[in-house]
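Just so it is clear: in the sequence shown, position 73 is 188 by the numbering used here, and no numbers are missing. One structure below.
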Amino acid sequence: MRRRDLMFFLPAALSLAAWREQKASTTDGELSGERAFQRTLPRSSDPLWVKLRQCKVSYNAKTALYSLTPTDEVKALIGQTLKVRGFIIPLDGLDLTKHFLIGINTPVCLFHPPGEPNEVIEVRSLKAVAWNDKPLTIEGQFKLTSNPEMGVFFAMTNAKPVKA
Numbered sequence: 116m117r118r119r120d121l122m123f124f125l126p127a128a129l130s131l132a133a134w135r136e137q138k139a140s141t142t143d144g145e146l147s148g149e150r151a152f153q154r155t156l157p158r159s160s161d162p163l164w165v166k167l168r169q170c171k172v173s174y175n176a177k178t179a180l181y182s183l184t185p186t187d188e189v190k191a192l193i194g195q196t197l198k199v200r201g202f203i204i205p206l207d208g209l210d211l212t213k214h215f216l217i218g219i220n221t222p223v224c225l226f227h228p229p230g231e232p233n234e235v236i237e238v239r240s241l242k243a244v245a246w247n248d249k250p251l252t253i254e255g256q257f258k259l260t261s262n263p264e265m266g267v268f269f270a271m272t273n274a275k276p277v278k279a
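See below:
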């Protein structure tokens with residue numbers, strides 16, 4: 116994916132509201148078709164994703180907000196320095212980025228996020244990371260966050276890329 120293409124993808128990473136609306140109104144439509152296609156692409160097999168995906172995600176259609184119920188195992192990770200391998204979704208539209216999402220799935224659509232709220236982590240990196248469409252391993256201090264409008268509940272701070 117070239118930077119020019121990224122500029123079209125960026126609004127999708129920033130606007131989960133459109134996805135929530137799509138999810139609420141579509142049971143077997145565009146989003147489910149996209150998810151089926153996404154499952155045919157490379158996906159991170161990092162064990163941390165298994166733990167995070169066990170957290171229960173709920174969506175309230177009346178308030179248009181997500182909630183997350185972390186497992187005890189995930190709560191025990193708070194404050195620890197962890198590594199996770201995944202795919203970068205820049206939040207600032209730059210080729211070198213310090214603020215991004217990392218997710219389990221290969222991003223595929225300009226208008227939908229790359230996975231469920233328990234499949235992405237917001238990352239704040241100490242140094243700029245070169246964006247590309249290949250998986251990357253990031254190490255940082257894990258914490259829970261609460262952004263129910265955007266559906267972001269996990270974060271890593273003081274992060275840096277590491278060799279896999």
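All C-beta atoms, glycine included, are put in the ideal place defined by N, C-alpha and C.
With respect to the C-alpha of S147, the residue from G230, N262 and L259 having the closest C-alpha is G230.
Put simply, the stretch 216-225 does not touch the stretch 172-179. Fewer than three CB pairs are less than 8 Å apart. Judged by DSSP in its simplified three-state form, A151 adopts helix. Taking the CA atoms as reference points, R150 sits about 15 Å from S159. Shown here for A270: same chain residues with a beta carbon closer than 8 Å to its own, the five before and five after excluded, namely I236, E237, V238, R239, F257, K258, L259 and T260 in chain order. With a cutoff of 8 Å on beta-carbon distance, L241 and L197 are scored as not near each other. In the assembly as shown, F152 is an exposed residue. Its beta-carbon has fewer than 16 other beta-carbons within 10 Å. Ranked by Cα distance from V165, the first of E234, P250, T272 and A245 is E234. Between A243 and K213 the beta-carbon gap is near 5 Å, inside 8 Å, which marks them as a contact.
I203 is bridged by DSSP to I217. Rounded to whole angstroms, the gap between the alpha carbons of K278 and F202 is 14 Å. Closest in alpha carbon position to E254, among V199, D187 and R154, is V199. In this structure, the CA atom of D161 is about 11 Å from the CA atom of L251. Measuring C-alpha to C-alpha distances from W246 to each of L206, A191 and L192 identifies L206 as the nearest.
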